[in-house]
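Counted the way the working numbering counts, the sequence shown spans residues 9 to 321. A quick write-up on the structure given underneath.
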Amino acid sequence: MKNWLKVLIFAVFAMVLMAGCSTKAPGTSEEPATSGEKAPATDSIKLGLSISTLNNPFFVTLKEGAEAEAKKQGIQITTIDAQNDPAKQISDIEDLIQQGVSALIINPTDSAAVVSAIESANNAGIPVITVDRSAEGGEVVAHIASDNAAGGKMAGEFILETLGNKGKIVELEGIPGSSAARERGEGFHSAVDGVEGVKVVAKQAADFDRAKGLTVMENILQGNKDIQAVFAHNDEMALGALEALAAAGLKDVLVVGFDATEDAVKAVEDGRMGATVAQKPDLIGQKGVETAISVIKGEKVEEFIPVELELIK
9 MKNWLKVLIF
19 AVFAMVLMAG
29 CSTKAPGTSE
39 EPATSGEKAP
49 ATDSIKLGLS
59 ISTLNNPFFV
69 TLKEGAEAEA
79 KKQGIQITTI
89 DAQNDPAKQI
99 SDIEDLIQQG
109 VSALIINPTD
119 SAAVVSAIES
129 ANNAGIPVIT
139 VDRSAEGGEV
149 VAHIASDNAA
159 GGKMAGEFIL
169 ETLGNKGKIV
179 ELEGIPGSSA
189 ARERGEGFHS
199 AVDGVEGVKV
209 VAKQAADFDR
219 AKGLTVMENI
229 LQGNKDIQAV
239 FAHNDEMALG
249 ALEALAAAGL
259 KDVLVVGFDA
269 TEDAVKAVED
279 GRMGATVAQK
289 PDLIGQKGVE
299 TAISVIKGEK
309 VEEFIPVELE
319 LIK
């Protein structure tokens with residue numbers, strides 16, 4: 009009986025002691041106070057940015073816009089260059105998923121090929137935002153871009169106006185499978201197709217690349233020098249086409265590009281290019297980061313966030 013009584017007394021004493029040992033005031037949480045902290049704290053946000061290629065000034069500017077906004081917001085961002093390789097981009101995105109990023113901002117190299125990577129992010133519960141180029145599948149919470157079809161139409165209408173609705177045109181296309189190439193081409197053809205006196209005599213992909221733009225234009229000129237205009241789906245190809253035209257002694261061919269990169273704007277100012285459709289890649293990058301933060305915080309965002317276009321001529 010004595011042993012049983014000792015155990016009971018000890019148990020009661022222990023319970024009383026534990027109840028009195030808390031250093032917290034009644035009603036307070038065991039968690040540290042969070043007053044003054046952001047919810048969620050921006051310094052805990054990690055973004056992944058997958059760029060199709062950094063061998064293009066347009067995407068360098070987009071990257072810089074995104075990184076500047078991330079720095080301003082005090083958040084981490086990791087940028088990876090896919091080098092225009094869809095397989096590398098998929099692998100890069102998988103790596104970012106493994107790193108536990110809070111959200112992904114993707115500029116697809118190929119709109120169809122990137123779908124599997126987006127679906128991997130969806131399965132991991134990581135929100136995805138696309139910029140400049142869209143994806144053909146997977147769950148994307150927002151797409152931020154200029155209206156590529158409207159820009160292509162703008163370029164086509166400018167060419168028609170300048171040529172007086174008469175002439176032969178060459179079209180240099182972007183990367184096959186990219187939404188930008190498809191949409192810019194559609195917009196351009198919506199303006200020029202069916203116009204009597206105007207004919208697109210050649211169109212060929214040069215993959216948004218300046219060197220390829222030069223080579224492709226050289227090849228086209230071997231069989232067709234009687235042209236009055238060139239529409240290139242981006243400025244890099246337009247600048248490559250300018251080199252080929254100059255080498256062939258063709259000085260009066262109207263060249264219109266797309267993106268308004270620094271080199272292209274200078275070419276317009278110098279009178280070597282007729283015009284370029286101005287996007288704002290820095291603003292696209294900035295909005296990509298702003299939108300990612302909003303999504304992470306649980307705020308509602310628009311599915312399509314447009315960035316205004318302008319024709320520089």
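Just so you know, even glycine gets a beta-carbon here, dropped at the ideal spot from N, CA and C.
For I177, there is no enclosing alpha helix (DSSP H); the enclosing beta strand (DSSP E) covers residues G175 to E181. By the C-beta density criterion, G164 is buried, having at least 16 other C-beta atoms within 10 angstroms. Linking G257 to P184 through their CA atoms gives a straight-line distance of about 30 Å. Under the three-state reduction of DSSP, T284 is assigned to strand. Contact between L250 and A275 holds, with the beta-carbon distance rounding to 7 Å and staying under 8 Å. Nearest Cα to M245 within the set D267, A214 and D100: A214.
K295 sits close to I152, with the two beta carbons spaced by under 9 Å. The residue from A219, F239, V139 and A188 with its alpha-carbon nearest to that of L180 is F239. In terms of Cα proximity to V285, the closest of D155, G145, V136 and S186 is D155. When DSSP states are grouped into helix, strand and coil, V122 belongs to the coil group.
Taking a 10 Å sphere around the C-beta of Q230, we find fewer than 16 other C-beta atoms and assign the residue as exposed.
A straight line joining the alpha-carbon of G82 with that of I320 spans about 35 Å. The region 296-303 and the region 158-175 do not touch, with fewer than three beta-carbon pairs separated by less than 8 Å. Taking C-beta separations shorter than 6 Å and ignoring five residues to either side along the sequence, the partners of V209 in its chain run K176 and N232, following chain order. Only residues of its own chain outside the window of five on either side were considered, and among them F66, F67, T69, L70, G73, D140 and D267 have a CB closer than 8 Å to the CB of P289, listed in chain order. Shown here for V309: same chain residues with a beta carbon closer than 8 Å to its own, the five before and five after excluded, namely V149, A150, T299, S302 and V303 in chain order. A132 carries a coil assignment under DSSP once its states are collapsed to helix, strand and coil. Just so you know, the alpha carbons of N64 and S198 end up roughly 27 Å apart. H197 sits in a helix when the DSSP states are folded into three classes.
Within the same chain, V123 come within 6 Å of G145 by CB-CB distance, once the 5 residues on both sides are set aside.
Looking at the backbone, the Cα of G293 and that of A255 are separated by about 36 Å. In the structure shown, K308 falls within a coil segment according to DSSP collapsed to helix, strand and coil.
Here G202 is exposed, its C-beta having fewer than 16 other C-beta atoms within 10 Å.
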